[in-house]
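2 protein chains.
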Amino acid sequence: MALIVQKFGGSSVADAASIKRVAGRIVDTKAAGNDVVVIVSAMGDSTDELLDLAQQVSPKPPARELDMLLTAGERISMSLLAMAISDLGADARSYTGSQAGLITDSAHGAARIIDVTPGRIQEAISEGAIPIVAGFQGVAQDTKDITTLGRGGSDTTAVALAAALNASVCEIYTDVDGVFSADPRVVSKARQVPYITYEEMLELAAVGAKVLHLRCVEYARRFDLPIHVRSSFSLKEGTFVMSPQAIAAAIAEGKAMEQPIISGVAADLNDAKVTVVGVPDKPGEAAAIFRALAEASINVDMIVQNVSAASTGRTDVTFTCPQGMAQKAMQALQAQHGSIGFEELTIDEEIAKVSLVGAGMRSHPGVSATFFTALADASVNVEMISTSEIRISIVTRVEDSQRAVQALHTAFGLDADGEAVVYGGTGR
Amino acid sequence: MALIVQKFGGSSVADAASIKRVAGRIVDTKAAGNDVVVIVSAMGDSTDELLDLAQQVSPKPPARELDMLLTAGERISMSLLAMAISDLGADARSYTGSQAGLITDSAHGAARIIDVTPGRIQEAISEGAIPIVAGFQGVAQDTKDITTLGRGGSDTTAVALAAALNASVCEIYTDVDGVFSADPRVVSKARQVPYITYEEMLELAAVGAKVLHLRCVEYARRFDLPIHVRSSFSLKEGTFVMSPQAIAAAIAEGKAMEQPIISGVAADLNDAKVTVVGVPDKPGEAAAIFRALAEASINVDMIVQNVSAASTGRTDVTFTCPQGMAQKAMQALQAQHGSIGFEELTIDEEIAKVSLVGAGMRSHPGVSATFFTALADASVNVEMISTSEIRISIVTRVEDSQRAVQALHTAFGLDADGEAVVYGGTGR
């Protein structure tokens, strides 16, 4: 008997009708002969409504109390879901994060899972019941206070619990059909990706594809737990996120087609570009800049240092970081103006990062050439470049980003019903 | 330093503005040099809204899940109240019933408190913080599931926690000024009672005065804990519910006036009268009737057995019980029709129970005479009578009940600014 963990997001349990629909789906999975554990988020916009209430009583509510408040949201959705399942004749029991054994540190609002001790969940499963667990929340190991895991926390709860219970698969239900080769709102011919590796998913999540959060994918990779991202509004299969070995096995068993070289193209419009102008070109200057940024906890992404002009002996250092951190970065550098002898600081928020992700590019050296040729043909100006083993990213103007994504999507044969670009015959 | 427990009901924390007002009151009590522990109910109508949601997903939700759902209500109000207090510069921390050590049995929806282990609350107090505790809820000792205490549960939480913490007083804040000598909607000259004994309060609660619930008063009496019922909308003192000894001490210290003989008059319109007609007048018949009712868990209140008619050798047995149990009582008796040879069963829901309560009537034998004279003068027909040491109750027609209450209130000198009836000079 397989154990399946199913996670339903807020849009899947937004009202009584949705809750009943989801209940039916869960009971069907159980009736098909599986053990089922369910993780559920708060209903629809209820978390925002609770945050609004908090703002009405205090402009800066204590983080401990905010966590206590927000966890009421899953308490409501999980008990209602358990009622709806019971109404269909199955035995369902709801559990808070604390009752389910989600042990965290005490970083309220962004707690990290330290341990999972799901004794009560295992007991419920062994009694034939369907445990319904509150996502997004846990209990602090030291203070015993209630904590929340921060953005994407319910996905992380699902994966952590699935790993602790040694589940066959963690199904993440959402309002889209799975992971796409590009944002369907930008690329009309974007198509759903049936299989993707953890690494590719991590790269895509890092560059702005919002289907799964980084922490959840990292957790799944660490425990080699397959994730199945699928729609709660249809029965068709979504996207499996797995190890390369598991995908290879699926291909060998005829369950999966050969993997394409490229999984997807994504654009991220939330970065800013900061340029430190006129830095003396001598050893240690760049180090001083990035030490100042690190001490201010700025997440620096891409870095470019110009060749210095021989006439001045000075150079420019440019980096990108999240827009929300750009002002803090400027202040941290300005504070070091005495020791780092730069001439001025400029900031540019009108940039976009466009990224191509694919495990196949490791063994296909032609990818870069196709990438830059496609951008050149589409008249996209490249301002910065960074690469990992399975990703190429560039910075360009915001207004060029959609054109860049579309050109790359076509050039790499990702368009649905389109022609595949062939590298030695294994293009897709 | 005194420890004061303050309980605020749903109407006192109905919205953000009310929560801020209550927060100010709590901080003032703390600033006056007291330790304070707060118990809070769910906001305004939020419990009804949650019940409505439950009905939408299941017509008969499991009691365990209903308790999980409803306890979200206090979670929201208590964390918001803690935020509002923090915003005023004090240290407030919210605790669920489980965290506060409210250990109950596992009777979901009407759990009884088995033990109170308030270690975390004591720790918070010793650190100078104000603990905010969810009313109405606890955790089952055996199953570790979340429970609720049923109607009036937050008052019971407050009294139980106050007793466990050895508090000086438990203040119950409500939307009226305290306990009144009669329902002010019925008797315009009703006045607030400054002191009342536990026993009188129990009798009043049992006959329909809804300020405090029976369980809460019983709990306070057992631990000899003073309750102060007062309005959250004014600063004036309300009604102290205490032992006769404590009231005598207050009188001796000049804090309280002499107690009136009669504390109050109340009418209860929720009973039904059932008559078993034509019961054979022989030993054991009445016993058989009340055994059948007891086995069906019917709470029988007043009982009258007519003198049997010599011609038939049969009599009528009449009793009252809550209207909600009357049909069940009829069925239980009908099932015994073979063994109890009665002729028919009649039911009458158009009755009212009118009661006079006062510890002073123990030592004042004239009370009954005044009572029945007043009713006779007001043309109130008396159908049944029952008495306890400190209460006289009668059953009359619903339409006569208001007139009966007004007549008794006047006759016993309870009218505000009215003349006191004097018994040997100690009438009030």
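Chains A and B are the protein sequences, given in the same order. The working numbering puts the first residue of the first sequence at 216, with every later residue one more than the last. The working numbering puts the first residue of the second sequence at 216, with every later residue one more than the last. All C-beta atoms in this analysis are idealised placements derived from N, C-alpha and C, irrespective of residue type, glycine included.
Chain B contact residues for residue i, given Cβ-Cβ distances below 8 Å
i: A:I234; result: V272
i: A:S301; result: S273, P276, P277, E280
i: A:S227; result: Simply none; closest approach about 14 Å.
i: A:M298; result: A269, V272, S273, P276, P277, E280, L281, L284
Under 8 Å by beta carbon: chain A residues contacting residue i
i: B:M647; result: Nothing about residue 647 of chain B can be read from this structure; chain B reaches only from 216 to 643.
i: B:I291; result: L265, L268, L284, A287
i: B:M416; result: Under the 8 Å cutoff, chain A gives no residues; its nearest Cβ is about 34 Å from B:M416.
Unbroken beta strand (DSSP E) run spanning residue i, endpoints
i: A:P537; result: 529-537
i: B:I462; result: From DSSP, B:I462 is part of no beta strand (DSSP E) but of the alpha helix (DSSP H) over 459-467.
i: A:I513; result: Per DSSP, A:I513 belongs to no beta strand (DSSP E) and is neither H nor E.
i: A:E658; result: This structure does not reach residue 658 of chain A, given that chain A is present from 216 up to 643, and the question cannot be answered.
i: B:E386; result: 384-389
i: A:R308; result: 307-310
i: B:L623; result: Per DSSP, B:L623 belongs to no beta strand (DSSP E); it is in the alpha helix (DSSP H), 613-626.
i: B:G453; result: No beta strand (DSSP E) contains B:G453, which DSSP labels as neither H nor E.
i: B:L218; result: 218-223
i: A:S446; result: 442-446
i: A:V394; result: No beta strand (DSSP E) holds A:V394; DSSP gives it neither H nor E.
i: B:P495; result: 486-495
Segment limits, alpha helix (DSSP H) that includes residue i
i: A:A373; result: 368-379
i: A:D282; result: 278-302
i: B:D243; result: 231-246
i: B:E436; result: Per the sequence shown, the amino acid found at residue 436 of chain B is Arg instead of Glu. That run of the alpha helix (DSSP H) goes 429-438.
i: A:Q271; result: 261-272
Chain B residues whose Cβ lies nearer than 7 Å to that of residue i
i: A:L295; result: L268, A269, V272, L284
i: A:S309; result: E280, M283
Option in the options with minimal Cα separation from residue i
i: B:G365; options: B:F627, B:G353, B:S447, B:K359; result: B:G353
i: A:M472; options: A:A481, A:I462, A:G479, A:G324; result: A:I462
i: A:N596; options: A:A378, A:G334, A:A567; result: A:A567
i: A:E280; options: A:S292, A:M293, A:A584, A:L265; result: A:L265
i: A:Q621; options: A:L218, A:G304, A:S594, A:R606; result: A:S594
i: B:P459; options: B:I411, B:G453, B:G224; result: B:I411
i: B:S233; options: B:Q538, B:A574, B:A299, B:N249; result: B:A299
i: A:L285; options: A:G334, A:A349, A:A217, A:I345; result: A:A349
i: A:F652; options: A:S603, A:G581, A:R612; result: No answer is possible for residue 652 of chain A: the residues shown for chain A start at 216 and end at 643.
i: A:D392; options: A:V384, A:Q407, A:E289; result: A:Q407
i: B:L419; options: B:V384, B:P441, B:V456; result: B:V456
i: A:D282; options: A:S294, A:V272, A:T262, A:S583; result: A:T262
i: A:R240; options: A:A355, A:S256, A:K222; result: A:K222
i: B:D516; options: B:A487, B:G469, B:E500; result: B:A487
i: B:S313; options: B:A355, B:S396, B:G539; result: B:A355
i: A:K213; options: A:I442, A:F505, A:Q551, A:G528; result: Residue 213 of chain A lies beyond the stretch modelled for chain A, which goes from 216 to 643, so this question has no answer here.
i: A:I555; options: A:V491, A:E614, A:T561; result: A:V491
i: B:I504; options: B:Q538, B:A544, B:V228, B:K470; result: B:A544
i: B:F438; options: B:S478, B:V374, B:A619; result: B:V374
i: B:G248; options: B:V401, B:Q270, B:A217; result: B:A217
i: B:A619; options: B:Y388, B:D483, B:S256; result: B:D483
i: A:D267; options: B:E510, B:D330, B:I291; result: B:I291
i: A:I605; options: A:S526, A:R577, A:A541, A:T585; result: A:R577
i: B:I336; options: B:G573, B:H579, B:T371, B:A379; result: B:A379
i: A:D330; options: A:L376, A:M416, A:E338, A:L296; result: A:L376
i: A:R236; options: A:Q617, A:T611, A:L450; result: A:L450
Contact list for residue i against chain A, beta-carbon separation under 7 Å
i: B:A231; result: L268, Q271, V272
Test: residue i CB closer than 9 Å to a CB of chain E
i: B:T363; result: Considering every chain present, this structure includes no chain E. Its protein chains are A and B.
**Asked** Of the residues that make up the stretch 453-487 of chain A, which ones have a beta carbon closer than 9 Å to any beta carbon in chain B?
**Response** none
**Request:** Would you list, in sequence order, the uninterrupted beta strand (DSSP E) runs of no fewer than 3 residues that lie entirely inside the stretch 318-355 of chain B?
**Result:** 328-331, 345-349, 352-355
**Request:** Taking only runs that begin and end inside the stretch 540-611 of chain B, name each unbroken alpha helix (DSSP H) of 4 or more residues, in chain order.
**Result:** 582-592
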